[in-house]
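**Student:**
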Amino acid sequence: MAKTKYKAQFYPGVTVPAKNRRRFIDPSQKLEKLRDVPMDDVVKILGHRTPGSDYATIHPPLEEGVEPDCPVRALVEPIEGAKKGDRIRYVQFTDSVYWCPIIPYVRAQMYMWRFRGIDTGTLSGRQIIEMRERDVEKVAKELIDNETFDTARTGIRGATVHGHGVRLDQDGLMFDAWQRYRWNAKKGEVEYVKDQVGVPLDKPVPVGKPMPEKWLKEHTTMFRADGVDMRDDEEVMRQNLRIHTLRTKCGFKPFDVKEE
Amino acid sequence: MSKPASEEVPLPEIQIFPERLLHAETTETLLNKLHKVKNVRKITVQGEELPEIMRSGPGTGGPVDHPNRKLINVAGEEMELRVQVGRIFVEICDLDFVPQALKDVEEVCKEVLPFNFTLEVGRYSKFKPTVSDYKKGLVK
Chain A
1 MAKTKYKAQF YPGVTVPAKN RRRFIDPSQK LEKLRDVPMD DVVKILGHRT
51 PGSDYATIHP PLEEGVEPDC PVRALVEPIE GAKKGDRIRY VQFTDSVYWC
101 PIIPYVRAQM YMWRFRGIDT GTLSGRQIIE MRERDVEKVA KELIDNETFD
151 TARTGIRGAT VHGHGVRLDQ DGLMFDAWQR YRWNAKKGEV EYVKDQVGVP
201 LDKPVPVGKP MPEKWLKEHT TMFRADGVDM RDDEEVMRQN LRIHTLRTKC
251 GFKPFDVKEE
Chain B
1 MSKPASEEVP LPEIQIFPER LLHAETTETL LNKLHKVKNV RKITVQGEEL
51 PEIMRSGPGT GGPVDHPNRK LINVAGEEME LRVQVGRIFV EICDLDFVPQ
101 ALKDVEEVCK EVLPFNFTLE VGRYSKFKPT VSDYKKGLVK
């Protein structure tokens, strides 16, 4: 197959949110690691299995060779969990509108560029990833440890995710009706006391200090009227308008679309 | 929950809109101080619902135990706070008393709330029963 000369541009614009979006989406950019939550703690928060237990399987390992012959199977390298026959499990992040580092739509774009073997779904305030169990655990750890996660304004919530558009509470945490995490004033950090579906944990899992407001505003991917207005970024607006025009016209009179 | 009752004229309310959602302790202190403000007729709180039990997911039926859903004592009366308070409506018994009440409410808020807030005068909560209230059997 001939190599294409196309070079991905990821996201237009010159403003801070546009640059951050580009940085998050571009897989060649290494994201800053802010914390190191132990893998066992991540597994506890996900709540799919007990740390140290075996992975449940839904089919025999691929190396046993019971799969039918298929050119696509030969072409695509399976991810680790698929090789072992793991079941599909999920992790879901909720992002507050109050300057959380990443937003669901950008999450989707970032995941598609950075991870293989995922199925992701975007909603207004949350983003789910479905993946083979051992792979989803690795991805969850990466996303909790890196700069896309703020301990106060990003939540790990499998159900009852409401809170992303609500004011923060007195401690500066995003509202959670099930209170999966709480502010530990003594240590000055956030700790999870329940897993992502609200089942209490044996002991709290600390995830670290929330990032300062200044840092959040420098790392935001969010265009806001009280921050960087999207209308201030001419290239972003031009691109959005183009997509909007093409979507509208192509559904209505595609023969009318004439672009140079 | 207060019983819906009709008023002939909708009375003015002062809306307190804090920058953050309040903890139960702050709500309790604030309500007790607002209760002492002159010409206050009724105080209504509004906010995010805090369920007692989980209603979805694998933990359905399990307790939530949210620290902000608890019994609070307001003016000597114990009541269960079931929301994380985000807005407070202070009803004043006459339009003429609103300017002074507004000053007093502002003083109380400055004293109790450790963050910004805004105050507005208007009518925010319902002042006569709605069709739903009749359907729910709250009004005879």
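Protein chains in written order, with the working numbering: chain A, 1 to 260; chain B, 1 to 140.
Even glycine gets a Cβ: it sits at the ideal position worked out from N, Cα and C.
Rounded to a whole number of angstroms, what is the C-alpha to C-alpha distance between G47(B) and G188(A)?
**Tutor:** Position 47 of the second sequence, counted from the start, is the residue given in the question as residue 47(B). Position 188 of the first sequence, counted from the start, is the residue given in the question as residue 188(A). Computed Cα separation, rounded: 26 Å.
**Student:** Please list, in chain order, all residues of the same chain as P27(A) whose beta carbon is under 7 Å from its beta carbon, the five residues on each side excluded.
**Tutor:** One-based indexing of the first sequence puts residue 27(A) at position 27. Result list for P27(A): W113, R114, in chain order.
**Student:** Rounded to whole angstroms, what's the CA-CA distance from V205(A) to K33(B)? Just pull it up for me.
**Tutor:** Numbered from its first residue, the first sequence carries residue 205(A) at position 205. Numbered from its first residue, the second sequence carries residue 33(B) at position 33. Cα-Cα distance, rounded: 38 Å.
**Student:** Along the segment 68–80 of chain B, what residues have a CB closer than 7 Å to any CB found in chain A?
**Tutor:** Taking 7 Å as the Cβ-Cβ cut-off against chain A, none of the residues of the segment 68–80 of chain B qualify.
**Student:** Using a Cβ-Cβ cut-off of 7 Å, state whether V108(B) counts as contacting chain A.
**Tutor:** What you label residue 108(B) is simply residue 108 of the second sequence in a count that begins at 1. No, V108(B) does not count as interfacial toward chain A.
**Student:** Hey, does H23(B) have any beta-carbon neighbour from chain A nearer than 7 Å?
**Tutor:** Your numbering for residue 23(B) matches position 23 in the second sequence. Yes, because at least one Cβ of chain A sits closer than 7 Å to the Cβ of H23(B).
**Student:** Along the chain, where does the beta strand (DSSP E) containing F89(B) start, and where does it finish?
**Tutor:** To locate residue 89(B), count along the second sequence from 1; it is residue 89. Counting along the chain, the beta strand (DSSP E) containing F89(B) begins and ends at 83–92.
**Student:** What's the gap between the Cα of P129(B) and the Cα of V98(B)?
**Tutor:** On the second sequence, residue 129(B) is found 129 positions in, with the first residue counted as 1. On the second sequence, residue 98(B) is found 98 positions in, with the first residue counted as 1. Within the model, the alpha-carbon separation for P129(B) versus V98(B) is close to 24 Å.
**Student:** I want to verify the contact list: residues of chain A whose CB lies under 8 Å from the CB of Q46(B), in sequence order.
**Tutor:** Mapped onto the second sequence, residue 46(B) falls at position 46. Correct list: empty, because the minimum Cβ distance to chain A is about 12 Å.
**Student:** Between V106(A) and R22(A), is the Cβ-Cβ spacing less than 7 Å?
**Tutor:** Here residue 106(A) corresponds to residue number 106 of the first sequence, with the count starting at 1. Here residue 22(A) corresponds to residue number 22 of the first sequence, with the count starting at 1. Contact: no.
**Student:** Which residue or residues does DSSP assign as beta-bridge partners of W183(A)?
**Tutor:** The residue given as residue 183(A) occupies position 183 in the first sequence. Answer by DSSP bridge pairing, in chain order: V190(A).
**Student:** Please report whether the beta-carbon of D169(A) lies at a distance below 7 Å from any beta-carbon of chain B.
**Tutor:** In the first sequence, the residue the question calls residue 169(A) occupies position 169. Taking Cβ atoms only, chain B reaches closer than 7 Å to D169(A), which makes this a yes.
**Student:** If you run the structure through DSSP and keep just helix, strand and coil, what is Y11(A)?
**Tutor:** Numbered from 1 along the first sequence, position 11 holds the residue referred to as residue 11(A). The three-state reading of DSSP puts Y11(A) in coil, since its state is none of H, G, I, E or B.
**Student:** With a threshold of 6 Å on Cβ separation, who are the neighbours of T220(A) within its own chain once the five nearest residues in sequence on each side are excluded?
**Tutor:** One-based indexing of the first sequence puts residue 220(A) at position 220. The residues are P17, W99.
**Student:** For P129(B) and chain A, any beta-carbon pair shorter than 7 Å?
**Tutor:** The residue labelled residue 129(B) in the question sits at position 129 within the second sequence. By this cut-off, P129(B) is not an interface position.
**Student:** For A89(A), does the count of other Cβ atoms within 10 angstroms reach 16, so buried, or fall short, so exposed?
**Tutor:** If you number the first sequence from 1, residue 89(A) lands on position 89. A small correction: the amino acid at residue 89(A) is Arg; Ala does not occupy that position in the sequence shown. Under this definition R89(A) is a buried residue.
**Student:** Taking one C-beta from the segment 34–54 of chain B and one from the segment 87–97 of chain B each time, how about it: are there three or more such pairs within less than 8 Å?
**Tutor:** yes
**Student:** Restricting to Cα atoms, I'd like to know which of M211(A), G117(A), K186(A), G158(A) is closest to A177(A).
**Tutor:** Taking the first residue of the first sequence as position 1, residue 177(A) is located at position 177. Ranked by how close their Cα comes to the Cα of A177(A), the residues M211(A), G117(A), K186(A), G158(A) have G158(A) in first place.
**Student:** Grouping DSSP H, G and I as helix and E and B as strand, with all else coil, what is K70(B)?
**Tutor:** As a working mapping, residue 70(B) is identified with position 70 in the second sequence. Of the three classes helix, strand and coil, the one that applies to K70(B) here is strand, per DSSP.
**Student:** I want to see whether chain A comes within less than 7 Å of R87(B), judged by CB atoms only; does it?
**Tutor:** In the second sequence, residue 87(B) corresponds to position 87, counting from 1. No, no contact with chain A.
**Student:** Is H164(A) closer than 7 Å to S96(A) when the C-beta atoms are compared?
**Tutor:** On the first sequence, position 96 is the one that residue 96(A) refers to. On the first sequence, position 164 is the one that residue 164(A) refers to. Yes; because the gap between Cβ atoms is below 7 Å, this pair is in contact.
**Student:** Please classify Y6(A): is it buried, with 16 or more other beta-carbons within 10 angstroms of its beta-carbon, or exposed?
**Tutor:** Start at 1 with the first residue of the first sequence, and residue 6(A) comes out as number 6. The residue in question, Y6(A), is exposed, as its Cβ has fewer than 16 Cβ neighbours within 10 Å.
**Student:** By Cβ distance below 8 Å, which residues in the same chain neighbour V121(B) in space, the five residues on each side in sequence not counted?
**Tutor:** As a first step, residue 121(B) is located in the second sequence; it is residue number 121 there, counting from the start. Once the five neighbours on either side are set aside, the close Cβ partners of V121(B) are P12, E13, I14, Q15, V98, L102.
**Student:** By Cβ distance below 8 Å, which residues in the same chain neighbour H59(A) in space, the five residues on each side in sequence not counted?
**Tutor:** Residue 59(A) sits at position 59 when you count from the first residue of the first sequence. Only G85 meet the Cβ criterion.
**Student:** Taking L50(B) as the reference, which of P58(B), K36(B), E80(B), L30(B) has the closest Cα?
**Tutor:** Working through the second sequence from its first residue, we reach residue 50(B) at position 50. Checking every option, the nearest Cα to that of L50(B) belongs to E80(B).
**Student:** So, under 8 Å CB-CB, I102(A) and F24(A) are touching, yes? Tell me the CB distance rounded to an integer number of Å.
**Tutor:** Position 102 of the first sequence, counted from the start, is the residue given in the question as residue 102(A). Position 24 of the first sequence, counted from the start, is the residue given in the question as residue 24(A). Indeed they touch by this definition, with Cβ atoms about 6 Å apart.
**Student:** If you measure from the beta carbon of V183(A) to each beta carbon in chain B, is any gap under 7 Å?
**Tutor:** As a first step, residue 183(A) is located in the first sequence; it is residue number 183 there, counting from the start. First, the residue type needs correcting, since residue 183(A) is Trp and not Val in the sequence shown. False, the Cβ-Cβ gap to chain B never drops below 7 Å.
**Student:** Taking Cβ to Cβ, would you say R134(A) is nearer than 7 Å to E80(A)?
**Tutor:** By one-based count along the first sequence, residue 134(A) stands at place 134. By one-based count along the first sequence, residue 80(A) stands at place 80. Yes, the Cβ-Cβ distance between R134(A) and E80(A) is below 7 Å.
**Student:** Just reading off the beta strand (DSSP E) that E133(A) is part of, what are its end residues?
**Tutor:** As a first step, residue 133(A) must be located in the first sequence, where it is residue number 133. Looking at the DSSP string, E133(A) is not in any beta strand (DSSP E); the run it does join, the alpha helix (DSSP H), is 133–145.
**Student:** Anyone know if the C-beta pair for L22(B) and V112(B) falls short of 7 Å?
**Tutor:** The sequence position of residue 22(B) within the second sequence is 22, counting from 1. The sequence position of residue 112(B) within the second sequence is 112, counting from 1. Not closer than 7 Å, so no.
**Student:** Can you list, in chain order, the residues of its chain whose CB lies under 8 Å from that of K141(A), leaving out five sequence neighbours each side?
**Tutor:** One-based indexing of the first sequence puts residue 141(A) at position 141. So the list reads V37, M39, V42, once near-sequence residues are dropped.
**Student:** For V44(B), which residues from the same chain have a beta carbon less than 6 Å from its beta carbon, with the 5 sequence-adjacent residues on both sides left out?
**Tutor:** On the second sequence, position 44 is the one that residue 44(B) refers to. According to the sequence shown, residue 44(B) is Thr rather than Val. Hits under 6 Å: F89, S125.
**Student:** Could you name the residues of chain A that P58(B) contacts, counting a contact when the two beta carbons are closer than 9 Å?
**Tutor:** Mapped onto the second sequence, residue 58(B) falls at position 58. Per Cβ cutoff of 9 Å: G47, G158, A159, V197, G198, V199.
**Student:** Under the rule that 16 or more other beta-carbon atoms within 10 Å means buried, what is C70(A), buried or exposed?
**Tutor:** In the first sequence, residue 70(A) corresponds to position 70, counting from 1. Label assigned to C70(A): exposed.
**Student:** Tell me which residues share the same chain as N116(B) and place their Cβ nearer than 6 Å to its Cβ, disregarding the 5 neighbours each side in the sequence.
**Tutor:** Working through the second sequence from its first residue, we reach residue 116(B) at position 116. Cβ within range, chain order: E19.
**Student:** For a contact meaning CB atoms closer than 7 Å, what does T26(B) contact in chain A?
**Tutor:** Walking along the second sequence from the start, residue 26(B) turns up at place 26. Those are Q170, listed as they occur along chain A.
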